[in-house]
Structure formats: C-alpha cells, structure tokens
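Chains A and B supply the protein sequences, listed in that same order.
If you read the first sequence in my numbering, its first letter stands for residue 12, the second for the next number, and so on.
If you read the second sequence in my numbering, its first letter stands for residue 24, the second for the next number, and so on.
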Amino acid sequence: MKKLPPQILLSLRALAFYLLLFRREWLETLWFQLPYLPFIPFFDQIPTGLFCLPLIVIVYLAPFAILLNYRAALAARCLGIGLLLSLLSSMPLFGNSKCFLACLFLLGGSYQVGGWIYQMQLFLLYFGAGLNKLLQADWWNGYYFDFFAAEVFELAGYRYLTQYVDALLVAKISGILILLFELLLGLLFCFRAQIGLAIFLGFSFHVLMLLLSWGYLSFHFFFVSSVAYYLLFSTTKQSVGFGNKWMRNNLNIRLMTVLWVCFLLLQLGAEKWRYAW
Amino acid sequence: MKALCSTKNWLYLFFGLQFAGLVVGRCTNVKFFAWAPYDELSYYEISITQGGESLSAEEIKERYRRSAVGRENRTIHNLIAIIRQYETTYGRADSAHVLVGFNIHGRRPASWSWPADSLHWE
C-alpha cells in the first residue's frame, strides 16, 4: 500500500476534525432522517434504515480511519461519496459549503490522479459563483450589495463610507468588483503558473470577507477553502518554485497544523461565546 | 474494463456532472448544485393552512426542515422547490394551502402560493 504524503494526510485530518466538530447537525440527520425530499426521486423508494445504516457506518467511521491513518485515502473517498449521497437524498440539507467539503474528501482521497483535480474543483467553485452573479441585474445595480452590507451584516465600514459617498454607487462598485474577482480567480486557477497568485488572492478574499462580516461570512468556506488551497499547493509545488523541499520539509506541516488547530479552537470558542450571548 | 473503472475516469464524470450543474443552474431558477452561494438574499415567511387551521412554526419546520421565518442566502426558488416537492409527494393528500411571502434584497416584495403554484410581485 502506497504511503500517503504527509501534506495530504494533514489536509484530510483537518477536514475530518472540522466535520466532527462543526458539522454535527449534518451528521445527526444521518440517524434515520434520510432520505427526505431527495433530489433523485428513486431515493424515496429506499427504506430509511437501508439507506441510513451504510451511511452511518461510513460517515462515522471514516473520519476516525483518516485521523488514525488507517487506509486514509480509501476512507476519504468513501466519506466523500457518503456525504454527497446524503446531500443528494435531501433538498433541505443541501448547502454549498457542505457540498464543497464532500468534494474535497473525495478529491483528497484521489490525490494520485494529480494536482489538476484541485485546480478543476476550485475553478468550478469560483467561476460558478462568479457566473451566477454575472447574469443577475442586482449585482450590477448595487441592490444586492447594499442590502447585504447595510441590512443583513450591517458592515461598519460600509456605513462609514456611505456617509460621504452615495450608498448605491459604493454598492454597485463593490458588487461588480466581487463578481469580476470571482471570475478572475476561477480563471487563474486554470493556469498552473498562476496558482500561487490565485491562492494568495483567494485567501485574501476570504479573510477580508471574514473580517468585514465579523466572522460570519464564512468561517466554513474559509476553512474548507484553506484546506483546498493547501492540497493544491502541495500537489503542484514545482510550479510555484518551492521544489521538492516543500514536500520533504516538515516545517510547512507543523506550521499548517498549528494554524488550523488555532483557527478551529478560536472558532469553537467563538461559537460557544455566541451561543452563551 | 480496467481503464473504464479507473479513478481518473470517475473523476472526469464527477467534474462533468458539476459542469452540468452549472449549465442547469443557468437554465432554471433553482440553483442547488450550481455553485451559487450568496448570489441572492431574501427574508421570507411561510404560512400554511390545512383544513382551515394554521400550522405553527414548529410544525412548518418539521414539515420542510426549514424555519417558518428566516433568511434565504441562495435564490428563493430553492426554498419554493423544497415546498413544491413536499406538497407534490409526502403532503399530496394534505390539501394544504401554503403562502410564502418574501422580499428579495429588501426591494422586491413578492409572494408564492400553493396549490396555485404562482408568484405574485407586489
């Protein structure tokens, strides 16, 4: 059996921790609450027990197999498929960050195929997001961003700025910049030579959104995206000039472990604080 | 046969399906597997009358696994699709009357009703 590269194992472990700590509601629905309003009508013909039991076994055991590095790649693939099946079996359960997480498990376990699979996934994610915004008038006339910034998240920076500049003008410029940025990011992920830049811009984008929305928008996407970037960076390291040292050097693994553990702990604390508040 | 079953081929299919999701998302109002997070925001309120009686917020949540009052971070048509599917399958015999009032981006108040399955823009 081929040994899993440490970067891939670390990424899969980070995702497994995240799933167990922050996606408990999703895991709870597997306890005989599926299928429920499935995307594929045939799923309704399958008895709940027959559908849920294999999913419970896979989805609850696979994260521990990953954490213990016992056939981690196979476990990740099975987990990804199990999670995707659970999403397909219930329309109300669907969420983009859940779907992205399931895709990453599947792709993380298929790392032998090459770094292009992460490039493709990130291209689809950002280009799709940009494309869906591109064809909506409210993203161009500023209505979306004005509502988003003034009413939904009450962004302090936006409120301050709109004291001096017309709110709709700020919203229009922000909305257009975001949708163009997402399209650009999607395209950058297509080119191997631009991966470093794409990761830097994507990371900055998520950090900015996180800061502007006081940590609400969106911790889930930020964390899962950071793992996706790391997977991509580790599997295409030559293209960004890090050479083989990147794969051999344990420093990056220690650094990422510390960063992700700190971030997960911080978020756990924030959630508890929000709940208590 | 071995080539057909290889991981690479399955991944081609996997990405192909995602591309199909993007295309379908462009052709319909409903965008589930279209990578469309936060592309539309709306506040909504669901009310249901069944046999002349109104259902409580808890009953509505149990019925659709969605809050009776809340915010939809994706297109409102996703919520409507969930309700429509429930009413045409599990709740077909209920003869429920559903009204979803919503406001897209705080500027476009509208409502959707079942069984008429019609949208009304105010």
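Note that beta-carbon positions come from the ideal geometry of N, C-alpha and C, so glycine has one too.
Would you mind telling me which residues of chain A sit closer than 7 Å to L40(B), beta carbon to beta carbon, in chain order? Proximity of chain A to L40(B) at the Cβ level (cut-off 7 Å) is not reached, the minimal Cβ distance being about 10 Å.
Would the C-beta of L172(A) count as close to the ligand ADP, meaning under 7 Å from any of its heavy atoms? For the ligand ADP, the structure offers nothing, since it holds no ligand at all.
Rounding to the nearest angstrom, what Cα-Cα distance links Q174(A) and W151(A) in this structure? Each residue's Cα considered, the two are about 21 Å apart.
Tell me, please, which residues DSSP counts as bridged to S77(B). Partner(s): T72(B).
Is it buried or exposed for Q41(B), if we count other Cβ within 10 angstroms and need 16 for buried? With 16 or more Cβ atoms within 10 Å of its Cβ, Q41(B) is classed as buried.
Counting only Cβ pairs nearer than 7 Å, list the residues of chain B close to Y154(A). Those within 7 Å of Y154(A) in chain B are H128, R130.
Helix, strand or coil for Y61(B), going by three-state DSSP, please let me know. It is coil, neither helix nor strand.
Distance CB(D62(B))-CB(Q147(A)) smaller than 8 Å: By the CB criterion at 8 Å, D62(B) and Q147(A) fall inside the cutoff.
Count the C-beta pairs between the stretch 22–31 of chain A and the stretch 76–86 of chain A that are closer than 8 Å, then say yes if the count reaches three, no if not. A contact exists between the stretch 22–31 of chain A and the stretch 76–86 of chain A.
W144(B) in three-state terms, based on DSSP: The DSSP-derived three-state label of W144(B) is strand.
Start-to-end residues for the alpha helix (DSSP H) that takes in L104(A): Premise fails: L104(A) is in no alpha helix (DSSP H) and is neither H nor E.
Leaving out five residues before and five after G44(B) in sequence, what residues of the same chain have Cβ atoms less than 7 Å from its Cβ? Contacts found: F56, A57.
Using only CA atoms, which one of L136(A), L279(A), T268(A) lies nearest to P17(A)? Ranked by how close their Cα comes to the Cα of P17(A), the residues L136(A), L279(A), T268(A) have T268(A) in first place.
Within chain B, partners of G201(A) - CB distance below 8 Å: Correcting the residue type first, residue 201(A) is Cys in the shown sequence and not Gly. Those within 8 Å of C201(A) in chain B number zero; the least Cβ separation is about 13 Å.
With 16 as the cutoff for other CB atoms within 10 Å, does R86(B) come out buried or exposed? Under this definition R86(B) is a buried residue.
Any beta carbon of chain B sitting closer than 8 Å to that of C110(A)? Yes, C110(A) counts as interfacial toward chain B.
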